[in-house]
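Numbering (the UniProt record's numbering), first residue to last: 1 to 98.
This is the structure in structure tokens:
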């Protein structure tokens, strides 16, 4: 996983055009907590992971279910070639939509 400790989360937030409350509430962090992280306080790994998923990967975590992750992990382990093919096709489809 990409480490966000050396990334300026304030800059990410500003590029997305969000205020602190909007940005941090999407991952369950209070505005005051987010402000502390933006001021240089260490960001815990779970928060880093959520930041990456929500604000960099643009995943709506409200739609992700445990069984979805389990299916993806199973497919990746049991049929890695099919997993790679589906991953490429999904990326291409996403690029078409954007």
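Beta carbons are placed, not taken as given, at the ideal position from N, Cα and C, and that holds for glycine.
Asked, Found
"Burial state of residue 69, where buried means 16 or more other Cβ atoms lie within 10 Å", "exposed"
"Cα-Cα separation, residue 47 to residue 27", "8 Å"
"For residue 57, the three-state DSSP class (helix, strand or coil)", "coil"
"CB contact flag (residue 23, residue 13, <7 Å)", "yes"
"Buried versus exposed call for residue 1 [16 or more other C-beta atoms within 10 Å across all chains shown]", "For residue 1, the predicted model reports a pLDDT of 40, less than 50, meaning its position is unreliable; a value from the coordinates is still stated below. Result: exposed."
"Cα-Cα separation between residue 37 and residue 58, rounded to whole angstroms", "20 Å"
"Residue 34 vs residue 20 beta-carbon contact at 7 Å", "yes"
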